[in-house]
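Residue numbers (my numbering), protein chains in the order written: chain A, 1 to 147; chain B, 148 to 294. All remarks here apply to the structure that follows.
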DNA sequence: ATGATGTTTAGAATCGTTCTTCGTTACAAG
DNA sequence: CTTGTAACGAAGAACGATTCTAAACATCAT
């Protein structure tokens, strides 16, 4: 029973719902379902993949709601959008702390990577007045499975 | 007259055409026009922008030909595709040597950045068997104009 | 409980990109 | 030079991902 209770309020689910609250966004059943289906997923799913998972439990769920909710979560600061594939499709990442991504050129899998210790920014001179607010690093290559 | 001659065979134009030849791709008038319109452009244009420039000189140019040619150039190794904007649209970059990009969150401009000296890869342990073939670094922030 | 406001639904619309069909052109072999 | 073959380009239709629209509905502060 403790496990069941914990699954309802896993730390990530709780933090996503708190973020919605802070942003004055309503906690609707749809949003709750999407948060639960997505927030502990490290595979960087597409909106379609999240939608497919939810159809079973909420058959009336609209595709637009998935986009709207992920958008709301992003505005609330508990989700990020990633565009790392050739087709430009959006992948959603529930991790919002600093981290990088490795993309397998063969199978397309996206994996979180801890950033290099003492990673460097370009020399100020090379930035030429540009003010860096965020850094994204993408490693392209072959995952352990595909090698 | 030297200037005119040089403009017809700028080093980048020549290198792009050589690359086409090496890849056994034909040097058609359309491809030549696209190469000339694009190869010295550091603004990372969309296919639409390149198409608009060419309309004047080649009114019959098809939109698909722009994509096909940029694709051919990419396969030939003298162009890269960049997807750094929220809409996932493709930007084309004639620079194929190692460099990074800064994206202005206000105006959307994309600027080439020289990579940091001694930039680091993540620790092998964190890569967990992933074989890195290429690294892309994107800096998001404010360009000198928009600050 | 109630109402103002925010949200969902379903499907249409949009946007960037790719595909398809067919006519044209380049190049090679004779 | 002529012809065959494959590559290429034009035009527009098709496609897939995402966003918009209008109307019905649900949430939450009061």
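Idealized CB from N, CA, C, for every residue including glycine.
Interface flag, residue i vs chain A, CB-CB below 8 Å
i	result
residue 286 of chain B	yes
residue 136 of chain B	The requested residue 136 of chain B does not occur in the structure, where chain B is confined to residues 148 to 294.
residue 276 of chain B	yes
residue 291 of chain B	yes
residue 283 of chain B	yes
residue 229 of chain B	no
residue 222 of chain B	no
residue 279 of chain B	yes
residue 268 of chain B	yes
residue 188 of chain B	no
residue 183 of chain B	no
residue 165 of chain B	no
residue 158 of chain B	no
residue 171 of chain B	no
Within-8 Å CB hit, residue i to chain B
i	result
residue 72 of chain A	no
residue 5 of chain A	Residue confidence is low: residue 5 of chain A scores 42 on pLDDT, short of 50, so the model does not pin down where it sits. Its coordinate-derived value is still stated next. It does not; no Cβ of chain B falls within 8 Å.
residue 14 of chain A	no
residue 147 of chain A	yes
residue 1 of chain A	Here the model assigns residue 1 of chain A a pLDDT of 44, short of 50, so the residue's position is not dependable, and the following value carries that caveat. Answer no: the Cβ-Cβ gap between residue 1 of chain A and chain B never drops below 8 Å.
For residue i: DSSP bridge partner residues
i	result
residue 120 of chain A	Its beta-bridge partners do not exist; DSSP assigns none.
residue 152 of chain A	As displayed, chain A neither begins before 1 nor continues past 147, which places residue 152 of chain A out of reach and without an answer.
residue 289 of chain B	A/131
residue 156 of chain B	According to DSSP, which records beta bridges pairwise, residue 156 of chain B is partnered with nothing at all.
residue 212 of chain B	DSSP lists no partner for residue 212 of chain B.
residue 283 of chain B	A/138
residue 42 of chain A	Answer is none; residue 42 of chain A lacks a bridge partner.
Beta-carbon proximity check, residue i vs residue j, cutoff 8 Å
i	j	result
residue 241 of chain B	residue 188 of chain B	yes
residue 180 of chain B	residue 204 of chain B	yes
residue 267 of chain B	residue 47 of chain A	no
residue 64 of chain A	residue 50 of chain A	no
residue 97 of chain A	residue 113 of chain A	no
residue 133 of chain A	residue 252 of chain B	yes
residue 131 of chain A	residue 294 of chain B	yes
residue 76 of chain A	residue 20 of chain A	yes
residue 256 of chain B	residue 128 of chain A	no
residue 230 of chain B	residue 83 of chain A	yes
residue 31 of chain A	residue 69 of chain A	yes
residue 66 of chain A	residue 103 of chain A	no
residue 238 of chain B	residue 192 of chain B	yes
residue 225 of chain B	residue 162 of chain B	yes
residue 115 of chain A	residue 263 of chain B	no
residue 35 of chain A	residue 17 of chain A	yes
residue 88 of chain A	residue 235 of chain B	yes
Contact test: residue i Cβ vs the ligand FMN heavy atom, cutoff 7 Å
i	result
residue 278 of chain B	No copy of the ligand FMN appears in this structure; indeed no ligand is present at all.
request  = With 9 Å as the C-beta to C-beta threshold (strictly closer), list the residues of the stretch 92-118 of chain A near chain B in chain order.
outcome  = Residues of the stretch 92-118 of chain A that bring their beta carbon within less than 9 Å of a beta carbon in chain B comprise 100, 102, 104, 105, 111, 113, 114, 115, 116, 117 and 118, in sequence order.
Contact list for the stretch 46-71 of chain A against chain B, Cβ threshold 8 Å = The stretch 46-71 of chain A vs chain B, Cβ under 8 Å: nothing.
query = Unbroken beta strand (DSSP E) runs of length 3 or more, entirely within the stretch 87-113 of chain A: which are they?
reply = Taken in chain order, the unbroken stretches of beta strand (DSSP E) that lie wholly in the stretch 87-113 of chain A and span 3 residues or more are 91-93, 100-104 and 110-113.
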